[in-house]
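Numbering (our numbering), first residue to last: 714 to 954.
Idealized CB from N, CA, C, for every residue including glycine.
Keep in mind that this is a model prediction, so the values were computed, not measured.
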């Protein structure tokens, strides 16, 4: 069953990238991230209330809280970097790099969680790396009317990859014995605080009033897609290896 949730997470994650790109053409990426997080938070807490998992929150250990919070922080950094990269670069370049976090996650899972790397899995990792490189190189040869601002999008995309991998590892440890919807809701709270702190520290709160209505709609829809992706992803992590 976990593989169905993993597939559902991938579908929603793909929708998130497209919807988010449409929502940050004129909107600051940090402000968009903060707004999206509100949508994800509402979505995740509604799901938690529906499943009745809120009653188990008092039974969480201090270790579980620590890893959930750390996972939320890693997620927040990953999101901020990812959507900045999307704003500066091309979706077809940014997304393959971000999703190559699978490679780093498998390596970290082997080191910290003791999950084995079989021959087949090793070959798959190599193929993912080669495929990612080829996808980026193919796009680089195409003449683009508007080029990204230097290579800054690549830096943000790589940082997103690293923190996305940390999110998966910390999240796996943090949700052991925890209902997945509850874990998702707690982590989203951490991301929400982080996102809004960044907005206010950078003095970007005034940009929220300037967001075009059509982009605001895409931002909210991307938040819903992210919520769906998260719920499926952490259910898959909870049930699978």
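With contacts defined as CB atoms closer than 8 Å, residue 865 and residue 817 fail to qualify as a contacting pair. Note that the segment 890–905 touches the segment 749–762; at least 3 beta-carbon pairs, one per stretch, sit closer than 8 Å. Rounded to the nearest whole angstrom, the C-alpha separation of residue 777 and residue 735 is 36 Å. Residue 760 is classed as buried because its beta carbon has at least 16 other beta carbons within 10 Å across all chains shown. Between residue 784 and residue 887, the beta carbon gap of about 5 Å places them in contact (Cβ cut-off 8 Å). Membership of residue 913 in the alpha helix (DSSP H) is indicated by the continuous run 893–914. When DSSP states are grouped into helix, strand and coil, residue 890 belongs to the coil group. In this structure, residue 813 sits near residue 841, with a CB-CB distance shorter than 8 Å. Distances from the CA of residue 810 to each of 796, 897, 762 were compared; the closest alpha carbon is that of 796.
Contiguous alpha helix (DSSP H) elements confined to the segment 799–849 occur at 804–812, 814–821, taking only those with 4 or more residues. Three or more Cβ pairs drawn from the segment 923–941 and the segment 716–726 lie within less than 8 Å of each other, which places the two stretches in contact.
Per DSSP, residue 734 is one residue of the alpha helix (DSSP H) stretching across 715–736. Within the model, the alpha-carbon separation for residue 825 versus residue 935 is close to 32 Å. Collapsing the DSSP output to three states places residue 765 in coil. In this structure, the CA atom of residue 847 is about 48 Å from the CA atom of residue 772. In this structure, DSSP gives residue 926 a helical state, which the three-state scheme calls helix. In this structure, 745 is the residue among 715, 763, 745 with its C-alpha nearest to the C-alpha of residue 919. Taking the Cα of residue 730 as reference, the smallest distance to any Cα among 716, 880, 749, 717 is reached at 749. Here the alpha carbons of residue 843 and residue 763 stand approximately 43 Å from one another.
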